[in-house]
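Accompanying notes for the structure given below.
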Amino acid sequence: MNYPFWEVPMIGGGLVIAIISILHVFVSHFAIGGGLFLALTERKAILKNDVSLLEYVKNHSRFFLLLTVVFGAVSGVGIWFSIGLVHPAGTSALIHNFVWGWAIEFTFFLVEIAAILIYYGTWGRVNRLLHNKIGWIYFISSYMSLVVINGILSFMLTPGRWLSTGNFWDAFFNPTYFPSLLIRTAVCIALAGLYAQLTGCWQSDSRLKAKIVRYSSKWLMVAMPILIIGGIWYNIQIPILSWQIVTGGAPPVTIFAALSIFFSILIFSFSYWIGYRQPETFTPALAALFLVLGLMVTAVTEWTREAVRKPYIIYNYMYSNSVLVNEKEKFLEEGYLSHSKWELVSGLESRVSGHDKLETLNSKPETQVGRNLFIGQCAICHTIDGYNGLRHLVRGWTEEDAYQILGKLDRIKGFMPPFVGTDEERRALAGFLADLNGRGGFQTRPYTIGDDHD
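Each residue of the sequence shown is one higher than the last, beginning at 1248 in the working numbering.
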């Protein structure tokens, strides 16, 4: 543990990241696709001198501004806050490898925020063509932000040649970069249509309502073939071992992937049959239902994308519990805790090192050492009694059961990282797991580490 552990009772830190991230993705992709919708629709209204459509775009931009700038920006900060606390090692690796990428993305983000504020604030104050150009500046900057962040996100699953070269561009233009960008572009277009359906169906003028709903439904039909092509391309580029490990050992991943496809088909089908073919019958309740389905698609798709990467946080480089792949053998020989800068003492995080660390470990009962190992190697994904709770998962295990399972954990459950540590540490964690249900055989035996492991 090279960083202190942030414990979130019952739900776990990973679920905190998931909740914030899913909501943020659902809004941030609309922030991009919606920007294109504003620029194109305003241009359409200008060219046709359609005053009612222009007024709709103005009203839609108010809704767009409040949702994307307020909630989108705040949730983006929330992601940084949560990943920095929950997975500081992974966050540090991404920052150090992509420091200039992040700087460029933040620059585009600042342009994006300034442009949308100017865009909304200059309705009726500048000529229409100039105002439309401001909208295009917003869209281009927001899309360029996606172009950059996509390279970092896709790198985590397919680092490609970076594993051997350490080169920035090998990491950025990784095997899933372009298919991922194509998928995210399609999602942006689809969400622009979904949100426009919602604001469009509230129009009091029935003819304007039908025109906007039909027009916004076309955006989903444009997005669908792009999404299909991107999805097929993306799945071809995913390491085959990832699909075999996860789908074979974790059936929920297969179910969630199927749900993503099913919900997407529902949205696109009904958008065509009702939104496009019968726009006058489209209601706010139906639009809200489509948005809920869209959020569900986002949730299950993002969950599947994260699950496929397991047992890594960065594929073939860092396990989900922050252990580097190339340090596995070192921990097995020298011990995990002997190389940990932080460990839990009496419920508080305190830093120990060198001889002081050795004395601290030797003075603790084995169950406390087991808890330290749980925090360092298990708690990133598991709680004790809450989400993914271990007490339920290890029910019925004896100490010997736990010891044997820990020795071949990554072979039994391919989506879980291997246990790394000495035989003594393995027994300490086994005892801790068994004690969760009162089946442990050692609660007070002292834990010792050889002097050569200082």
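For every residue, glycine included, the Cβ atom is placed at its ideal position computed from N, Cα and C.
Handout entry: Inter-residue spacing [alpha-carbon to alpha-carbon] between residue 1330 and residue 1347
Key = Approximately 19 Å, taken between the alpha carbons.
Handout entry: Residue nearest to residue 1669 in terms of C-alpha spacing, selected from 1586, 1645, 1663, 1625
Key = Taking only the C-alpha atoms, the option nearest residue 1669 is 1586.
Exercise for the section: Could you tell me which uninterrupted alpha helix (DSSP H) segments, each at least 4 residues in length, are contained entirely in the segment 1265-1320, listed from first to last along the chain? Expected result: Runs of the alpha helix (DSSP H) lying entirely within the segment 1265-1320 and spanning at least 4 residues, in chain order: 1298-1312.
Practice task
May I ask you to report which of helix, strand or coil DSSP gives residue 1393?
Solution key: Annotated three-state conformation of residue 1393 is helix, per DSSP.
Exercise for the section: With a 10 Å radius around its C-beta and 16 neighbouring C-beta atoms as the bar for buried, classify residue 1535 as buried or exposed. Expected result: Residue 1535 is exposed by the Cβ-count criterion.
Handout entry: Own chain partners of residue 1325 with C-beta closer than 6 Å, once the 5 adjacent residues on each side are dropped
Key = Contacts found: 1267.
Practice task
Can you give me the Cβ contacts of residue 1532 inside the same chain, cut-off strictly under 6 Å, excluding the 5 residues immediately before and after it?
Solution key: If the five residues before and after residue 1532 are omitted, its C-beta is found closer than 6 Å to no C-beta atom of its own chain.
Practice task
Can you grab the Cα-Cα spacing for the pair residue 1391 / residue 1367, in whole Å?
Solution key: In this structure, the alpha-carbon of residue 1391 lies about 21 Å from that of residue 1367.
Exercise for the section: Determine which residues share a DSSP beta bridge with residue 1561 and list them. Expected result: Partner(s): 1565.
Problem - First and last residue of the uninterrupted alpha helix (DSSP H) at residue 1359 - result: That run of the alpha helix (DSSP H) goes 1346-1368.
Practice task
Name the residue from 1674, 1318, 1579 whose alpha carbon lies nearest to the alpha carbon of residue 1665.
Solution key: Ranked by how close their Cα comes to the Cα of residue 1665, the residues 1674, 1318, 1579 have 1579 in first place.
Handout entry: Terminal residues of the alpha helix (DSSP H) in which residue 1478 lies
Key = Looking at the DSSP string, the run of the alpha helix (DSSP H) that includes residue 1478 is 1453-1484.
Exercise for the section: Kindly provide the ranges of any alpha helix (DSSP H) runs that are 4 or more residues long and lie completely inside the segment 1403-1444, ordered along the chain. Expected result: Runs of the alpha helix (DSSP H) inside the segment 1403-1444: 1409-1412, 1415-1419.
Problem - Straight-line Cα distance separating residue 1354 from residue 1538 - result: Distance between the alpha carbons of residue 1538 and residue 1354 is about 30 Å.
Problem - Euclidean distance between Cα positions of residue 1551 and residue 1635 - result: Going by the C-alpha atoms only, they are around 16 Å apart.
Exercise for the section: Throw me the rounded Cβ distance for the residue 1438 and residue 1280 pair, which I believe falls under 8 Å. Expected result: Between residue 1280 and residue 1438 the Cβ distance is about 5 Å, and since that is below 8 Å, they are a contact.
Handout entry: Paired residues, beta bridge with residue 1571 - DSSP
Key = BP columns for residue 1571 point to 1565.
Practice task
Locate the alpha helix (DSSP H) running through residue 1679, then write down its first and last residues.
Solution key: It spans 1670-1682 - the alpha helix (DSSP H) in which residue 1679 sits, taken as one unbroken run.
Practice task
Could you give the DSSP three-state label for residue 1256: helix, strand or coil?
Solution key: Correct three-state label for residue 1256: coil.
Exercise for the section: Find the nearest neighbour of residue 1517 within the set 1541, 1454, 1273, judged by alpha-carbon distance. Expected result: Ranking 1541, 1454, 1273 by Cα distance to residue 1517 puts 1541 first.
Problem - Any C-beta of chain C under 8 Å from that of residue 1465 - result: The displayed structure is made up of one protein chain only, and chain C is not part of it.
Exercise for the section: Indicate the three-state DSSP secondary structure (helix, strand or coil) for residue 1263 in the structure shown. Expected result: In the structure shown, residue 1263 adopts helical secondary structure according to DSSP, grouped into three states.
Problem - residue 1270 versus residue 1277 - alpha carbon distance - result: Counting only the Cα atoms, residue 1277 lies some 11 Å from residue 1270.
Problem - Stretch-stretch touch, CB-based, cutoff 8 Å, three pairs: the segment 1249-1261 with the segment 1632-1652 - result: Yes, they touch.
Exercise for the section: Counting only the same chain and skipping the five closest in sequence on each side, list residues whose C-beta sits under 7 Å from that of residue 1341. Expected result: If we look at residue 1341 and ignore the five residues flanking it on each side, its Cβ neighbours are 1399.
Handout entry: Cβ-based burial, residue 1658 [other Cβ within 10 Å; buried from 16]
Key = With fewer than 16 other beta carbons inside 10 angstroms of its own, residue 1658 counts as exposed.
Practice task
Taking only the alpha-carbon atoms, compute the straight-line gap between residue 1303 and residue 1564 and give it to the nearest angstrom.
Solution key: Those two C-alpha atoms are separated by around 50 Å.
Practice task
Over the uninterrupted alpha helix (DSSP H) stretch that includes residue 1527, give me the two end residues.
Solution key: No alpha helix (DSSP H) holds residue 1527; DSSP gives it neither H nor E.
Handout entry: residue 1628 beta carbon less than 8 Å from that of residue 1567
Key = Contact flag set, yes.
Problem - Alpha-carbon spacing of residue 1441 relative to residue 1622, whole angstroms - result: Roughly 42 Å separates the two Cα atoms.
Problem - Beta-carbon separation (whole angstroms), residue 1427 vs residue 1397, contact threshold 8 Å - result: Right, the Cβ-Cβ distance comes to about 6 Å (below 8 Å), so this counts as a contact.
Handout entry: Own chain, CB closer than 7 Å to residue 1337, minus 5 neighbours either side, in chain order
Key = Cβ within range, chain order: 1560, 1561, 1565, 1569.
Handout entry: Own chain residues within Cβ distance below 7 Å of residue 1261, not counting five before or after
Key = If the five residues before and after residue 1261 are omitted, its C-beta is found closer than 7 Å to the C-beta atoms of 1333, 1627, 1628, all from its own chain and listed in chain order.
Exercise for the section: For residue 1412, count neighbouring C-beta atoms within 10 Å of its own C-beta (all shown protein chains included) and say buried if the count is 16 or more, exposed if not. Expected result: Only exposed fits residue 1412, as fewer than 16 other CB atoms lie within 10 angstroms of its CB.
Practice task
Grab the span of the alpha helix (DSSP H) containing residue 1654 for me, first residue to last.
Solution key: Start and end: 1646-1654.
Practice task
Tell me, to the nearest whole angstrom, how far the beta carbon of residue 1284 is from that of residue 1466; I am working on the premise that it is less than 8 Å.
Solution key: Between residue 1466 and residue 1284 the Cβ distance is about 7 Å, and since that is below 8 Å, they are a contact.
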